[in-house]
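Student: Using the numbering used here, the first residue of the sequence shown is number 43, and each one after it goes up by one. Ideal Cβ positions, reconstructed from N, Cα and C, are used throughout, including at glycine. Okay, here's the structure, questions in a sec.
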Amino acid sequence: MPTRHGTARIRSIATELRDLRDKAGLSTREAAKRVGMSASTLNRLENGGKAVEPEDVSALLVVYAVTGVERERLLQLSREANLPGWWETGDRPLPKHLPALISFESEATAIVHVSMLRIPGLLQTADYIREVMSANQVAAPEVEARVAARLGRQSVLTKPRPPQYLVILDEAVLRRPVGGGQLMAEQLRHVVNSARRPNIEVRVIPFARGEHAGVDGTFVVMDFAKARSIVYLEHKRSSLFVDDPDEVRVFHQTTDTLLTTALGSGESLEFLASVADEYSEG
């Protein structure tokens, strides 16, 4: 199989290796010297611009003192690096896919989040996040770590050169009273206020529009300046990254279709504010 630089797997491994080197307190030059490669080669590996070889990953993990299950997970990921996407499962306090997701969000020039069930994580308030964690029976000691991680991810929307962020919400997202009326009122008003930023657009699909192309499920599409787009699909205990161009194209097409179904930007904000008022008055 020919090497495909820049697949979602390669870019994920690159992110994790860079983070592990930082945690080990080593510079690129120091780490490269210890494994017998040039600093420029390690730099390209950490940037996702070099094919990932299991032998290189194994040597780096020795230098970074990574052992046990985590070592085997990264080695397995490196062995399958040329595949176009992958599943990750697990029940650690912070999901295994999170480093890759954070990296992709920070590098993206545009993010589309089509949500049929919940307010997207990048727009959730702390109280809303806690209610979601509670409903999913996340252990109490782990909740605040997850809240902090999610709130930290949101800074990507306010950095100096943020991505364009398009959110398409089904009305069901607004009507499900997560945490009660007052919490929902505050959450929806937070979405409205966020959407006043020039890089954020929120569109709502009311129930009155009937069946639409998004009801098959929630998805996130991330576009990049110099790399192929990635689709992120999150499930109960697993997550899937997809970067095959033919598959990604379907999600881009679905987004275009949903935009013709949804309310306009101004109408959507009015709709959100109206539902927030209903929660406050109820």
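Closest by CA to Val317, which one among Arg71, Ala182, Met264 and Gln229?
Tutor: The residue with the shortest Cα to Cα distance from Val317 is Gln229.
Student: Does the structure place the region 167–178 close enough to the region 205–224 that three or more beta carbon pairs sit under 8 angstroms?
Tutor: Cβ pair count under 8 angstroms is three or more, so yes.
Student: With Ile161 and Tyr207 assumed to form a contact (beta carbons below 8 angstroms), what rounded beta-carbon distance in angstroms separates them?
Tutor: Ile161 to Tyr207, Cβ: 13 angstroms. No contact.
Student: With DSSP collapsed to three states, give me the class of Glu276.
Tutor: Note: Glu276 maps to strand in three-state DSSP.
Student: Measuring CA to CA, which of Pro248, Gly252, Thr167 and His155 is closest to Leu305?
Tutor: The shortest C-alpha separation from Leu305 is found at Pro248.
Student: Kindly indicate which three-state DSSP category Ile161 falls into: helix, strand or coil?
Tutor: Here Ile161 sits in coil by DSSP.
Student: Check the DSSP bridge columns for Thr196 and list the partner residues they point to.
Tutor: At residue 196 the sequence reads Gln, which differs from the Thr that was named. Answer by DSSP bridge pairing: none, since Gln196 is not bridged.
Student: Buried or exposed: where does Glu329 fall if 16 or more other Cβ atoms within 10 Å of its Cβ makes it buried?
Tutor: In the structure as shown, the chain starts at 43 and stops at 324, and residue 329 therefore has no counterpart that could be examined.
Student: Let me know the secondary structure DSSP gives Val185 once reduced to three states.
Tutor: Reduced to three states, the DSSP call for Val185 is helix.
Student: Ordered along the chain, which non-local residues of its own chain (more than five positions away) have a Cβ less than 6 angstroms from that of Ala101?
Tutor: The answer, listed in chain order, is Val77.
Student: Whose CA, out of Ser82, Leu225, Arg115 and Asn85, lies closest to the CA of Pro96?
Tutor: Residue Arg115 is the option with its Cα nearest to Pro96.
Student: Within a Cβ cutoff of 6 angstroms, which residues of the same chain sit near Ala255, ignoring the five residues on either side of it in sequence?
Tutor: Cβ within range, chain order: Thr296, Thr299 and Leu300.
Student: DSSP has Arg245 in a bridge; who is on the other side?
Tutor: The partner list for Arg245 (beta bridge, DSSP) reads Ile210.
Student: Could you give the first and the last residue of the continuous alpha helix (DSSP H) run that contains Phe293?
Tutor: Start and end: Pro287 to Thr303.
Student: Taking only the alpha-carbon atoms, compute the straight-line gap between Arg291 and Leu275 and give it to the nearest angstrom.
Tutor: Spanning the two alpha carbons is a distance of roughly 15 angstroms.
Student: Can you give me the Cβ contacts of Ser145 inside the same chain, cut-off strictly under 6 angstroms, excluding the 5 residues immediately before and after it?
Tutor: Counting only Cβ-Cβ distances below 6 angstroms, and skipping sequence neighbours, we find Thr57.
Student: Suppose you measure from the CA of Val209 to the CA of Ser54; what does that come to, to the nearest Å?
Tutor: Each residue's alpha carbon lies about 24 angstroms from the other.
Student: Who are the Cβ neighbours of Arg251 in its own chain at under 8 angstroms, not counting the five residues just before and after it?
Tutor: Within the same chain, Arg251 has close Cβ partners Thr303 and Ala304.
Student: According to DSSP, what are the bridge partners of Ile153?
Tutor: Tyr207 and Met264, per the DSSP bridge assignment.
Student: Check whether the region 307–316 touches the region 74–90, counting contact only when three or more Cβ pairs, one atom from each stretch, lie closer than 8 angstroms.
Tutor: Cβ pair count under 8 angstroms is below three, so no.
Student: With three or more C-beta pairs closer than 8 angstroms as the rule, is the region 141–155 touching the region 258–269?
Tutor: Because the criterion of three Cβ pairs below 8 angstroms is met, the region 258–269 and the region 141–155 touch.
Student: Would you identify the three-state DSSP class for Leu282, choosing helix, strand or coil?
Tutor: Reduced to three states, the DSSP call for Leu282 is strand.
Student: Pick from Val189, Arg71, Glu147 and Asp212: whose alpha carbon is nearest that of Thr200?
Tutor: Comparing Cα-Cα distances from Thr200 to each of Val189, Arg71, Glu147 and Asp212, the minimum goes to Glu147.
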